[in-house]
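Undergrad: Numbering (the working numbering), first residue to last: 958 to 1147. Note that the Cβ used here is the ideal one computed from N, Cα and C, for glycine as well. What you are looking at is a predicted structure, and each value in this text was computed from that prediction instead of being measured.
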Ligand code: SF4
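Encoded structure:
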């Protein structure tokens, strides 16, 4: 069966496939341009996202918007989502079984979007999507290629909240991502 974006959203809204369904306020489906070449994937919704049902609101969202703006991008041009669609209590790391239970939704999102670039935000997303031994401190900003997609990772905006000196590092990574997108547009028919 071919799922649509609405189908995925409906399934996520009613999902009880892991215990987070009992503690969440609202599930948080990905948002953005369904034609975007650029897909951002973080680990899980935070407390404010849980309340509003929208990814990247609150302080982390503001930092993400600043980073995008500083590199000439906006949310309207990207698609942003999480591995988990429900908030882990206390912002703890997602458990393996939760990631496995939720991963099919991310797979459907990726299948429908067919991104040219995937950007993992933070260690948890990078280790689930790029490589299980990915070291965000040493490997952020590096590129991996899989089928027709370029993958990279940078720090999660919440890491900037804890250490403002990371802002410039993440900004550099984002500016390289914008260059890569331009390169891919130039060398393909997308
Ligand atoms: S985290 Fe994912 S698998 Fe778990 S209840 Fe939420 S939508 Fe379902």
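Measuring alpha carbon to alpha carbon, tell me which of 1140, 1010, 966 and 1000 ends up nearest residue 1074.
TA: Nearest option by C-alpha distance: 1140.
Undergrad: Helix or strand or just coil, what does DSSP make of residue 1119?
TA: Three-state DSSP puts residue 1119 in a helix.
Undergrad: Using the rule of at least 16 other Cβ atoms within 10 Å of the residue's Cβ for burial, across every protein chain shown, is residue 1113 buried or exposed?
TA: By the neighbour-count rule (16 or more Cβ atoms within 10 Å), residue 1113 is buried.
Undergrad: With DSSP collapsed to three states, give me the class of residue 1105.
TA: Of the three classes helix, strand and coil, the one that applies to residue 1105 here is coil, per DSSP.
Undergrad: Enumerate, from N- to C-terminal direction, the unbroken beta strand (DSSP E) stretches of 3 or more residues contained entirely within the stretch 1052-1114.
TA: Entirely contained in the stretch 1052-1114, the beta strand (DSSP E) runs reaching 3 residues are, in chain order, 1074-1078, 1101-1103 and 1106-1111.
Undergrad: Just to check my reading of the structure: residue 1038 and residue 987 have Cβ atoms closer than 8 Å, yes? What is that Cβ distance to the nearest angstrom?
TA: That belief holds up - the Cβ atoms of residue 1038 and residue 987 are roughly 3 Å apart, short of 8 Å.
Undergrad: Whole angstroms are fine: how far does the CA of residue 1119 sit from the CA of residue 1046?
TA: Answer to the nearest angstrom: the Cα atoms are 19 Å apart.
Undergrad: Indicate the three-state DSSP secondary structure (helix, strand or coil) for residue 1139 in the structure shown.
TA: Note: residue 1139 maps to helix in three-state DSSP.
Undergrad: Identify which residue in 996, 998 and 1003 has its Cα closest to the Cα of residue 984.
TA: The option with the nearest alpha carbon to residue 984 is 1003.
Undergrad: With 16 other CB atoms within 10 Å as the buried threshold, where does residue 1051 fall?
TA: With 16 or more other Cβ atoms within 10 Å, it is buried.
Undergrad: Does any residue of chain B bring its CB to less than 8 Å from the CB of residue 1115?
TA: Of the protein chains in the structure, only one exists, and it is not chain B.
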